[in-house]
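Down below is the structure, laid out as structure tokens.
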Amino acid sequence: MSRKYFGTDGIRGRANGTITAELAMKVAQATGVVFQHGDHRHRAVIGKDTRLSGYMIEYAMVAGFTSVGMDVLLLGPMPTPAVAMLTRSMRADVGVMISASHNLFEDNGIKLFGPDGYKLSDAVEAKIEALMDEDLSRKLSKAPDLGRAKRVDDVRARYIEFAKHTLPRNLSLEGLRIVIDCANGAAYKLAPEALWELGAEVFSIGVQPDGLNINLGVGSTAPEALAKKVREMRADIGIALDGDADRVLIVDETGKIVDGDQLMAAIAESWQEDGRLSQPGIVATLMSNLGLERFLSSIHLSLARTAVGDRYVLEHMREHGYNVGGEQSGHIILSDYGTTGDGLVAALQVLAVVKRKMKPVSQVCHRFEPLPQILKNVRFKAGQPLSEERVLRVIEDGKQRLANAGRLVIRLSGTEPVVRVMAEGDDADLIERVVDDICDALTTAAAA
């Protein structure tokens, strides 16, 4: 299905370029119309990360929602999973997160949640898109029926309590030295506070947002700063969130980076031992390392793979009854607790395993040896580079060269004009040559 506005994770683009105040208002008006049913007062909640453009988009969406008679609760800077949770707990009709996740401040985006806290289906997004291109003047409320807006002050404490309750009541993080990197993003206040309340000795970086520095040299997309701080403070563990805190990576006590595949392996093994897995396996994407699949098989668990994107992981989890899933990038979905990826909650589950096993993080979070894996991106300006005949020939040749000794995954990004080329296998030299050949062909096609 062709989409004009929505991608794989809401609407995203350059602030004041693609994502304008006018667009934000239209999104809010169309969404407000779609989610109004019955005669009761309808309500939207809006959270955001720390980008400068968040102010513009937030108030434009307030104008849009109130113009169609919907009340608005403003949450301020809050993680994406917190917005999903608060949409449910506040009994709102729709939730909004203003964020471009791990992108730098120049970009921004709009993610929408239904009253159940789940991201919207393709069908609902299609309804919103259709309305955005219509004249909604007849849908506007009369003067007495306009919506109101208010800022809610206690939401940070609500989410911290929610996150703490995902751990056993008697579990304390006392004795652990933790470095937390909040990417100068949405969790810059609450994540360190939650860890401190649980008893940890906390050292924070990426907690001084200025509107321009979100994800800039910090966070889960730049974990080198965290690794350096872990070694400097002789910490037991480092935790890196991204700009909207729905993703997490870990750094062990040696400064080694631990990705989402290893975290899913550690959680799955622990939950299997406790009898907490709802199915004998987990869900991940095509990008997860083959080493994860082999490890899970060794402990009699399966790995179900989906297309790239946490929404597809979650759809498979809901359809087939899994309660653990995620992505190599650190989107970890634990559906016993939430309806989307939650970096803080996933980190707390890992910390629970560390406390229970009383072993260093380097042992707890290294469950398998990953196969060599290479991922490269090729940017293009226009057209369909994956339909070029020469590109298709090179891709087919790469598949034959890898044969049964590895995997090749090639896909278009859902958020930017980029082709992602990934290969993995036992022969590192071979997979690098295969990836380079395909990237060369794509580059030539993009320049033509």
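Following the numbering used here, the numbering of the sequence shown begins with 13 at its first residue and continues without gaps. Note that CB positions come from ideal geometry on N, CA and C, so glycine has one too.
In chain order, what residues of the same chain lie with their CB nearer than 8 Å to the CB of residue i, ignoring the 5 residues before and after it?
{"i": "M13", "result": "Only weak support is given to the placement of M13: the predicted model assigns it a pLDDT of 49, under 50, and the question is left unresolved by the model."}
{"i": "R160", "result": "T78, D83 and V84"}
{"i": "A247", "result": "R189, I190, V191, F215, K241 and E265"}
{"i": "E327", "result": "T318"}
{"i": "V430", "result": "N389, V390, R391, F392 and L424"}
{"i": "L205", "result": "Sequence inspection shows Glu at residue 205; the Leu mentioned does not correspond to that position. Excluding positions up to five away in sequence, the list reads R168 and I172."}
To which residues of the same chain is residue i closer than 7 Å at the C-beta, ignoring the five residues directly before and after it?
{"i": "A96", "result": "G107, F125, G129, G350, T351 and T352"}
{"i": "E411", "result": "The question names Glu, yet the displayed sequence has Lys at residue 411. The answer, listed in chain order, is L420."}
{"i": "K201", "result": "R168"}
{"i": "C377", "result": "I262, D264, V270, Q274, L275, A278 and V362"}
{"i": "G211", "result": "S184, L185 and E186"}
{"i": "T233", "result": "H114, N227 and D254"}
{"i": "A364", "result": "L179 and L183"}
{"i": "L298", "result": "R317, A319, V320 and V421"}
{"i": "V295", "result": "A316, T318, V325, H328, M329, Y334 and G337"}
Would DSSP call residue i helix, strand or coil?
{"i": "F215", "result": "strand"}
{"i": "G332", "result": "According to the sequence provided, residue 332 is His. The question's Gly does not apply to it. H332 falls in the helix class under three-state DSSP."}
{"i": "G44", "result": "helix"}
{"i": "M37", "result": "helix"}
{"i": "T20", "result": "coil"}
{"i": "I172", "result": "helix"}
{"i": "S4", "result": "Outside the displayed span of the chain (13 to 460) sits residue 4, for which this structure offers no information."}
{"i": "F77", "result": "helix"}
{"i": "D128", "result": "coil"}
{"i": "K268", "result": "coil"}
{"i": "R8", "result": "Lying before the first or after the last residue shown, residue 8 is absent from the chain, which here runs from 13 to 460."}
{"i": "D119", "result": "strand"}
{"i": "L357", "result": "Checking the displayed sequence, the identity of residue 357 turns out to be Val instead of Leu. Correct three-state label for V357: helix."}
{"i": "K241", "result": "helix"}
{"i": "K388", "result": "strand"}
{"i": "G255", "result": "coil"}
{"i": "K60", "result": "strand"}
{"i": "A394", "result": "coil"}
{"i": "T456", "result": "helix"}
{"i": "A3", "result": "Nothing about residue 3 can be read from this structure; the chain reaches only from 13 to 460."}
{"i": "G321", "result": "coil"}
For residue i and residue j, which I take to be in contact (beta-carbon distance under 8 Å), what is that distance rounded to the nearest angstrom?
{"i": "M144", "j": "K123", "result": "M144 to K123, Cβ: 16 Å. No contact."}
{"i": "A278", "j": "R379", "result": "6 Å"}
{"i": "G437", "j": "R419", "result": "7 Å"}
{"i": "R432", "j": "L387", "result": "6 Å"}
{"i": "P382", "j": "N301", "result": "4 Å"}
{"i": "L454", "j": "R413", "result": "17 Å between Cβ atoms; not a contact."}
{"i": "T197", "j": "D254", "result": "Checking the sequence, you will find Gly at residue 197 rather than Thr. 7 Å between Cβ atoms; contact."}
{"i": "L132", "j": "A42", "result": "Actually they do not touch by this definition, with Cβ atoms about 12 Å apart."}
Residues in the same chain with beta-carbon distance under 6 Å from residue i, minus the five sequence neighbours each way, listed in chain order, please.
{"i": "L289", "result": "W283"}
{"i": "A94", "result": "Y171"}
{"i": "A458", "result": "F392 and P397"}
{"i": "S314", "result": "G293"}
{"i": "G267", "result": "A239, V242 and R243"}
{"i": "K38", "result": "M144"}
{"i": "V447", "result": "I386, K388, V433 and A435"}
{"i": "L86", "result": "I58 and R163"}
{"i": "A112", "result": "R24, D119, N120 and G121"}
{"i": "D449", "result": "V406"}
{"i": "A359", "result": "I251 and V260"}
Worksheet item: So does the segment 335-342 actually touch the segment 260-272, counting three or more Cβ pairs closer than 8 Å?
Response: Cβ pair count under 8 Å is three or more, so yes.
Worksheet item: Counting pairs of Cβ atoms below 8 Å between the segment 54-72 and the segment 19-33, do you hit three or more?
Response: Short answer: they touch.
Discussion item. Extract the residue ranges of the beta strand (DSSP E) inside the segment 400-454, only unbroken runs of 3 or more that lie entirely within it.
Written reply: Scanning the segment 400-454 for uninterrupted beta strand (DSSP E) segments of 3 residues or longer gives 418-424 and 430-437, listed from N- to C-terminal end.
Worksheet entry | Segment contact, 8 Å Cβ cut-off, at least three pairs: the segment 219-226 with the segment 322-339 | No, because fewer than three Cβ pairs between the segment 219-226 and the segment 322-339 fall closer than 8 Å, the two stretches do not touch.
Worksheet entry | Contact between the segment 149-167 and the segment 308-325 (3+ Cβ pairs under 8 Å) | Look at the beta carbons and you see the segment 149-167 not touching the segment 308-325: under three pairs across the two are nearer than 8 Å.
Worksheet item: Can you give, in chain order, each stretch of the alpha helix (DSSP H) that sits fully within the segment 151-205 and has at least 4 residues?
Response: Scanning the segment 151-205 from its first residue to its last, the whole alpha helix (DSSP H) runs of 4-plus residues come out as 167-176.
Item to complete: Could I get the ranges of all uninterrupted beta strand (DSSP E) runs contained in the segment 81-108, with 3 residues as the minimum, in chain order?
Response: The segment 81-108 contains these whole beta strand (DSSP E) runs: 82-89.
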